[in-house]
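Engineer:
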Amino acid sequence: MSEAIKVKSLTKSFGPIPAVREVSFDVNHGEVLGFLGPNGAGKSTTMKMITGFLEPTSGTVEVNGYDVLENPLAVKKSIGYLPEGAPAYGEMTVKSFLNFIADIRKMSGASRQKRIDEVIERINIRNVYDQSIETLSKGYKRRVGIAQAILHNPSTLILDEPTDGLDPNQKHEVRNLIKEMAEEKAIIISTHILEEVDAVCSRAIIIASGELLFNGTPTELIAKSDRNDIDHAFRLVTTGKSDANKEPTS
Amino acid sequence: MSTLFSIYKREFTSYFVTPVAYVFIVIFLFMTGIFTFYLGAFYESNQADLEPFFRFHPWLYLFLIPAISMRLWSDERKSGTIELLMTLPVSITDAVVGKYLAAWSFTAVALFLTFPMWITVNYLGDPDNTVILASYIGSLVMAGGFLAIGSCISAFTKSQVIAFVISVVISFMFILSGFPMVLDLFQGWAPQAIVDAIASFSFLTHFTSIKKGVIDIRDVIYFGALITFWLYVNVVVIEAKKAS
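Those protein sequence lines, which keep their order, are chains A and B.
Residue 117 in numbering that gives the first Met the number 0 sits at position 118 of the first sequence; the count goes up by one each step and never skips.
Residue 242 in numbering that gives the first Met the number 0 sits at position 243 of the second sequence; the count goes up by one each step and never skips.
1. So, with DSSP's three-state summary, where would you put B/Thr-244?
2. Does the Cβ of A/Val-62 have 16 or more other Cβ atoms within 10 Å, making it buried, or fewer, making it exposed?
3. I want to verify the contact list: residues of chain A whose CB lies under 8 Å from the CB of B/Ala-242, in sequence order.
4. Taking 8 Å as the CB-CB cut-off, is A/Met-91 touching chain B?
5. Which full runs of the beta strand (DSSP E) of 3+ residues lie inside the segment 124-188 of chain B, going along the chain?
6. Does the beta carbon of A/Tyr-80 sit closer than 8 Å to a beta carbon anywhere in chain B?
7. Given a threshold of 16 other Cβ atoms within 10 Å of its Cβ, counted over all protein chains shown, does A/Ser-43 qualify as buried or as exposed?
8. Can you tell me the Cβ-Cβ gap for A/Gly-51 and A/Val-67, rounded? I've got them flagged as a contact below 8 Å.
9. Is the CB of A/Phe-24 under 8 Å away from at least one CB in chain B?
10. Which bits of chain A does B/Thr-2 rub up against, with CB to CB less than 9 Å?
11. Tell me, to the nearest whole angstrom, how far the beta carbon of A/Thr-45 is from that of A/Ile-192; I am working on the premise that it is less than 8 Å.
12. Going by DSSP in three states, A/Asn-70 sits in which element: helix, strand or coil?
13. Who are A/Gly-79's beta bridge partners in DSSP?
14. Return the chain-ordered list of same chain residues with a C-beta closer than 7 Å to the C-beta of B/Asp-74, the five sequence neighbours on each side being excluded.
15. By DSSP's criteria, A/Glu-2 is part of a beta bridge. Which residues make up the other side?
16. Enumerated in chain order, which unbroken segments of the beta strand (DSSP E) with a length of 3 residues or greater are wholly contained in the segment 198-225 of chain A?
17. I think A/Leu-35 touches A/Ile-204, with their Cβ atoms under 8 Å apart; what is that distance to the nearest whole Å?
18. Verify the CB distance criterion: does A/Ala-87 have a CB-CB separation below 8 Å to chain B?
19. Check whether the segment 83-101 of chain A touches the segment 135-149 of chain A, counting contact only when three or more Cβ pairs, one atom from each stretch, lie closer than 8 Å.
20. With distances taken Cα to Cα, identify the nearest neighbour of B/Leu-44 among B/Met-85, B/Lys-98, B/Ala-107 and B/Leu-123.
21. What residue ranges within the segment 25-60 of chain A form continuous alpha helix (DSSP H) runs of no fewer than 4 residues, ordered along the chain?
22. Tell me, please, whether the CB atom of A/Asn-244 is closer than 8 Å to any CB atom in chain B?
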């Protein structure tokens, strides 16, 4: 297990508003790290800083030995990233879009087409391969985004809400895919679905209001709740109350 | 394949998968026709040259080029693809130049499609074809100048409408600065050197001299410097505010 991502006291402020405060964690190859937290907690902002899209106000990010500020291109080469909302060029067909990504990723020769075929089979997008992306449903768009991120078989994957907008079967598929890839890759996913963390993640991090509140295994997170309920544990960590829905009595 | 070329290829082909390209080309050809034959009095002048055709190019470009350039970066911002593009292993310079060259090539295609005009004038008379060639080159280079301004402006905003309007205004100033009515404002009191400097900023001054059939190195340097400057600012703007 070698270290893939090292985040050290990462801070980002937008003007006077701190979005991420002094967040530090590591991810090793072979690990799937689940990013949890309420909306607007700083999950996406942290991911954007790791992938080099946003510049941190302070702190450092190292990906596979490269500092993201000093060597952004090397970092970008070694990671696959699914941005929030899976943006893609709508007027392009899935085929031309994936070929564009393959061009940019400098994939060539016989292995290139083989890899594209492999990915579209694995992600199940063969039947929309010649359709333009803007005509696709939310679930297909998301899967095209995942295909784009894993196309060059990166050693490090950062997926912002990879199962958002998918139906239960597709969610299951994507979780299986993540588990399969987990053996040799370092993967960060963000999600709102807590059972997903239990199902695919080897470690979970909870961020709320920009601060890191929990860093441990899903089992440790569940153990925080006396009811052995991960939802309950999440509420405990993020709100500090044993039950956020119930007014404290006294 | 270099990343610059990959970006270029994607951008250039994307013009032709949407109706944008065809609408633009049809309107461009239609407008050049109207300007040449009605406003330019092509027949009435009884001269076998394309001067009435080229005379109106700066004015056509003033509105049509911002219509092409407005989407270059605004659209990336609006649809969020800028995040995808900027997290791929692509340098910002490659992305800016690749997109710019694709838009420029597209205007070159539109300009090329005016060749029936050239055939017509050769059929009707015996024009000086080296002058026509120089004018075409001058027109294309001037289009490149307009495009560089538009590309840079579109990097500032999510809104294509804002990008369009501001690009038209700035381009208009670059045309206007060679006009007598602007120069007269300065003529009375400012030293001649300043009046010349203002005039030399104008697209018209440089285009008019190329249009006469002489490609002067100073005109080439002017457009080259202008394009480089705006694209450089474009890179700086994307670098600084790609995420905002």
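C-beta: ideal position from N, C-alpha, C; glycine also.
Structural biologist: From the atom records:
1. In the structure as shown, chain B starts at 0 and stops at 243, and residue 244 of chain B therefore has no counterpart that could be examined.
2. buried
3. Lys-47, Phe-52 and Leu-53
4. yes
5. none
6. yes
7. buried
8. 5 Å
9. no
10. Asp-102, Ile-103 and Lys-105
11. With a Cβ gap of about 19 Å, A/Thr-45 and A/Ile-192 do not count as contacting.
12. coil
13. A/Leu-156
14. Gln-159
15. A/Asn-27
16. 202-207 and 210-215
17. 7 Å
18. yes
19. yes
20. Going by the sequence as given, residue 44 of chain B is Ser instead of Leu. The shortest C-alpha separation from B/Ser-44 is found at B/Leu-123.
21. 42-49
22. Below a pLDDT of 50, predicted positions are generally treated as unreliable, and A/Asn-244, at 49, falls in that range; the measurement from the model is reported next regardless. No, A/Asn-244 does not count as interfacial toward chain B.
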